[in-house]
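Structure record follows, encoded as structure tokens.
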Amino acid sequence: MIELANTQLLGHRGARYEALENSFSGFEHANQLKRHGLAGIEFDVQLTADGHLVVFHDDTLQRLCGLQSRIDQMSLVEIQRHLQLGHQIITLDQLAQALAIASPAKKMHTSKPSLVEPQKKRLNNSLALAEPRATKASSNPLVKTVQPPTQFTHIELEIKTHSRTNHPKLVHALCRYLIDSPLARLPIVLTSFDVELLAQLQRNKLLAPMARGLLVRDAKLLNRAPHTALQLGCSSLGIHYLLLNKQVIDYCHRYDLRVSAWTVNDIAFAKQLVHWQVDTIITDIPSQLLI
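291 is the number that this note's numbering gives the last residue of the sequence shown; the numbers go up by one with no jumps.
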């Protein structure tokens with residue numbers, strides 16, 4: 001157990017080493033840790049061939065489903081035929097229903113003023129694809145219904161991309177899933193390594209108000225990362241923990257950039273990061289750090 005002080009702790013992909021990653025069971029496990037001090041969760045989304053967003057980290061099904069098939073070449077129906085350790089891969093709208101707050105809507109976690117209603121109406125009228133948010137309770141016993149959790153105070157939604165990513169299609173899907181949905185009630189930060197995607201989110205009138213974070217894993221990019229993040233309108237940097245020291249964190253704070261450290265499974269290093277006043281620690285083992 002560590003004393004977190006002002007640092008928030010997030011469960012990585014729910015709580016990756018303690019429950020199946022990016023799954024209802026993993027997010028339920030994380031919810032149970034809220035009373036012990038878990039501030040929230042981090043999870044990933046991938047774009048399918050037919051424009052859906054699935055909650056999944058890898059760009060193929062090899063590691064978790066034993067298939068070499070690529071997410072971006074499969075339809076949602078094809079993807080959900082395959083199980084990851086007995087669990088169906090879920091969509092972002094299914095997770096949205098699970099994470100929805102039962103109390104009145106919470107103000108959107110934004111970096112700019114909130115959307116006005118006419119903008120939302122224009123979006124709803126202009127989208128050709130069917131709305132994904134009106135998901136009914138599934139009759140499939142593999143799709144589990146989860147009770148709304150105690151309100152998390154911080155959620156990081158990582159948008160995965162690759163060399164084949166169709167950025168306009170991805171942005172369009174994000175609009176469909178995020179605008180005027182249960183997710184808009186939650187304190188979500190959209191994160192990505194992809195500078196081009198973050199630039200497109202910044203230019204999109206509907207998504208620009210949502211908080212965004214630039215992810216960094218390359219030491220060569222670290223020096224310019226704060227400047228790049230500010231240019232992209234980001235409010236935070238997510239930095240691989242081995243690249244961090246007090247000077248890096250202090251420099252980011254000087255420019256009002258929050259710092260998330262990922263993925264921290266070393267308890268001694270987590271304590272050091274708290275001492276350095278890092279804003280967020282993302283870990284696979286939240287129970288070991290909290291209990």
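We put the CB at the ideal spot given by N, CA and C, even for glycine.
(message) Here's the rule: buried if 16 or more other CB atoms are within 10 angstroms of the residue's CB, otherwise exposed. What is E196?
(response) With fewer than 16 other beta carbons inside 10 angstroms of its own, E196 counts as exposed.
(message) Taking 8 Å as the threshold (C-beta atoms), are M1 and I285 in contact?
(response) No.
(request) Measure the C-alpha to C-alpha separation of D218 and L244 and round it to an integer number of angstroms. (result) Each residue's alpha carbon lies about 12 Å from the other.
(request) Can you tell me which of the three DSSP states A15 falls into? (result) In this structure, A15 counts as coil in the three-state DSSP scheme.
(message) Pull the bridge partners of W262 from the DSSP assignment, please.
(response) In the DSSP assignment, W262 is bridged to H240.
(request) Apply the 10 Å Cβ neighbour rule to A5 and answer buried if 16 or more other Cβ atoms are within range, or exposed otherwise. (result) Exposed.
(message) If you reduce the DSSP assignment to three classes, tell me which class I249 lands in.
(response) DSSP places I249 in helix when its eight states are reduced to three.
(request) Tell me the start and end of each unbroken alpha helix (DSSP H) in the stretch 54-96 that is at least 4 residues and wholly inside, in chain order. (result) For the stretch 54-96, whole alpha helix (DSSP H) runs of length 4 or above, ordered along the chain, are 62-65, 76-79.
(message) Please report the straight-line C-alpha distance between R258 and S236, rounded to a whole angstrom.
(response) So the alpha carbons of these two residues sit roughly 4 Å apart.
(message) Starting from E42, trace the beta strand (DSSP E) in both directions and tell me its first and last residue.
(response) Counting along the chain, the beta strand (DSSP E) containing E42 begins and ends at 40-47.
(request) Take the Cβ of Q62 as the centre, count every other Cβ of all protein chains shown within 10 Å, and call the residue buried at 16 or more, exposed below. (result) Label assigned to Q62: exposed.
(message) I'd like to check one pair, H29 with A49: are the Cβ atoms closer than 8 Å?
(response) No, Cβ-Cβ distance for A49 and H29 is not below 8 Å.
(message) Quick check on V77: buried or exposed, where buried means 16 or more other Cβ atoms within 10 Å of its Cβ?
(response) V77 counts as exposed, since fewer than 16 other C-beta atoms from the protein chains shown sit within 10 angstroms of its C-beta.
(request) Could you check the C-alpha separation between S138 and Q88 for me, to the nearest Å? (result) With a pLDDT of 43 at S138, under the threshold of 50, the predicted position of this residue should be treated as unreliable, and no value is reported.
(message) Checking 8 Å against the spacing of the C-beta atoms, do V171 and Q200 come in under that value?
(response) V171 is a Cβ neighbour of Q200, given a cutoff of 8 Å.
(request) Going by DSSP, name the residue or residues bridged to V189. (result) V189 pairs with E156, A211.
(request) Measure the alpha-carbon distance for H240 versus W262 and round it to whole angstroms. (result) Near 5 Å, if we compare the C-alpha coordinates of W262 and H240.
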